[in-house]
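Remarks on the structure that follows.
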Amino acid sequence: MNKIPQCQIGPVTVGEGHLVLIAGPCLAESLDLCLKVAEKLDALCRGLEIGYIFKASYDKANRTAVESPRGPGLEKGLEWLASVREKIGVPVISDVHDAGQASVAGEVIDCLQIPAFLCRQTDLLVAAGKTGKAVNVKKGQFMSPGNMRFAAGKVRSTGNENVMLTDRGTTFGYDLLVNDMRAIPIMREFAPVVFDATHSIQQPGSGSITGGQRQFVPTLSAAAVAAGADALFIETHPDPDNAASDAASQWPLDEMEPLLRRCLAIFRAARNNNR
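Per this note's numbering: the sequence shown = residues 4 to 278.
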């Protein structure tokens, strides 16, 4: 196997052999919520020696129903993310949905995330790469892991080598996603790999509000780090049942510590056995 590239996001390196967490509320509901979650997770990750990157979406452009909350929007959302980075001292990541957003978001955030449904959009991938910031491309539910090399290649065509890939399940039937853990070592041939635990347990076809099976987040997270994932992506909320977005799949903030401790032990054991 070739040496796996690394992805630098602010001071955090993904792919260097240390577990990284990308986490925050699904939707940037308020600046207070973002600061509260970031502060708690930063302290937790510092204690566990896990790299931490704060995540929240300023716009959920692919909600199921038109009346679903989408967030504060580009301008205010980027202001909130800048405040999190300044006040908490952690790098930040958020989704970009079209090529026009990339340069604006790239002035503020440390990593531009390409949503799964948009992972084949050449103009968006190239625009994200041209910002010079790190780019996280989520594997589409319709994509094979091997073909994600082409998404990474579109970013790298700009001269930007700072790219990583995220697995978030594959469509199986009408309202269920499944995870093939072979995707992790396959995609690690050409980029560091993040495992998105909370989107993987979504049930996207279950009505006007996306459902989810939150109870399987620990199982899938443990399996992913055992399979070689470099980072975990976990959306978390102090009161997930009342979250404005993805209420059924976000992990409770107060339960993050035992989840991370378990995954960290598995991560270290798997890496030691592979030496």
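For each residue, glycine too, the CB sits at the ideal point set by N, CA and C.
Reduced DSSP secondary structure (H/G/I, E/B, other) of residue i
{"i": "residue 173", "result": "strand"}
{"i": "residue 255", "result": "strand"}
{"i": "residue 203", "result": "helix"}
{"i": "residue 42", "result": "helix"}
{"i": "residue 31", "result": "coil"}
{"i": "residue 106", "result": "helix"}
{"i": "residue 4", "result": "Note that residue 4 scores a pLDDT of 43, beneath 50, so its modelled location is shaky; the value from the coordinates is reported in the next line. DSSP places residue 4 in coil when its eight states are reduced to three."}
{"i": "residue 214", "result": "strand"}
{"i": "residue 273", "result": "helix"}
{"i": "residue 198", "result": "strand"}
{"i": "residue 236", "result": "strand"}
{"i": "residue 245", "result": "helix"}
{"i": "residue 168", "result": "strand"}
{"i": "residue 228", "result": "helix"}
{"i": "residue 69", "result": "coil"}
{"i": "residue 268", "result": "helix"}
{"i": "residue 181", "result": "strand"}
{"i": "residue 263", "result": "helix"}
{"i": "residue 111", "result": "coil"}
{"i": "residue 63", "result": "coil"}
{"i": "residue 192", "result": "coil"}
{"i": "residue 131", "result": "helix"}
Distance CB(residue i)-CB(residue j) smaller than 9 Å
{"i": "residue 213", "j": "residue 207", "result": "yes"}
{"i": "residue 174", "j": "residue 142", "result": "no"}
{"i": "residue 24", "j": "residue 189", "result": "no"}
{"i": "residue 194", "j": "residue 166", "result": "yes"}
{"i": "residue 17", "j": "residue 54", "result": "yes"}
{"i": "residue 270", "j": "residue 44", "result": "no"}
{"i": "residue 56", "j": "residue 7", "result": "no"}
{"i": "residue 221", "j": "residue 180", "result": "no"}
{"i": "residue 81", "j": "residue 97", "result": "yes"}
{"i": "residue 63", "j": "residue 248", "result": "yes"}
{"i": "residue 196", "j": "residue 172", "result": "no"}
{"i": "residue 38", "j": "residue 91", "result": "yes"}
{"i": "residue 100", "j": "residue 121", "result": "yes"}
{"i": "residue 225", "j": "residue 265", "result": "yes"}
For residue j and residue i, believed in contact at Cβ under 8 Å, the rounded distance
{"i": "residue 30", "j": "residue 74", "result": "5 Å"}
{"i": "residue 95", "j": "residue 84", "result": "5 Å"}
{"i": "residue 235", "j": "residue 198", "result": "6 Å"}
{"i": "residue 126", "j": "residue 108", "result": "Contact doesn't hold; Cβ gap of about 15 Å is too wide."}
{"i": "residue 132", "j": "residue 158", "result": "4 Å"}
{"i": "residue 203", "j": "residue 182", "result": "5 Å"}
{"i": "residue 93", "j": "residue 239", "result": "Residue 93 to residue 239, Cβ: 14 Å. No contact."}
{"i": "residue 118", "j": "residue 163", "result": "The pair is not a contact, with the Cβ atoms about 19 Å apart (cut-off 8 Å)."}
Cross-strand partners of residue i (DSSP beta bridge)
{"i": "residue 163", "result": "Beta-bridge pairing links residue 163 to no other residue."}
{"i": "residue 54", "result": "23"}
{"i": "residue 86", "result": "Answer by DSSP bridge pairing: none, since residue 86 is not bridged."}
{"i": "residue 95", "result": "57"}
{"i": "residue 144", "result": "Answer by DSSP bridge pairing: none, since residue 144 is not bridged."}
{"i": "residue 116", "result": "98 and 139"}
{"i": "residue 11", "result": "16"}
Residue i classed as buried or exposed, judged by whether at least 16 other C-beta atoms fall within 10 angstroms
{"i": "residue 14", "result": "exposed"}
{"i": "residue 147", "result": "exposed"}
{"i": "residue 245", "result": "exposed"}
{"i": "residue 28", "result": "buried"}
{"i": "residue 137", "result": "buried"}
{"i": "residue 205", "result": "buried"}
{"i": "residue 35", "result": "exposed"}
{"i": "residue 242", "result": "exposed"}
{"i": "residue 272", "result": "exposed"}
{"i": "residue 316", "result": "This structure does not reach residue 316, given that the chain is present from 4 up to 278, and the question cannot be answered."}
{"i": "residue 268", "result": "exposed"}
{"i": "residue 4", "result": "Unreliable placement is indicated for residue 4, whose pLDDT of 43 sits below 50; the coordinate value is still reported in the next sentence. Exposed."}
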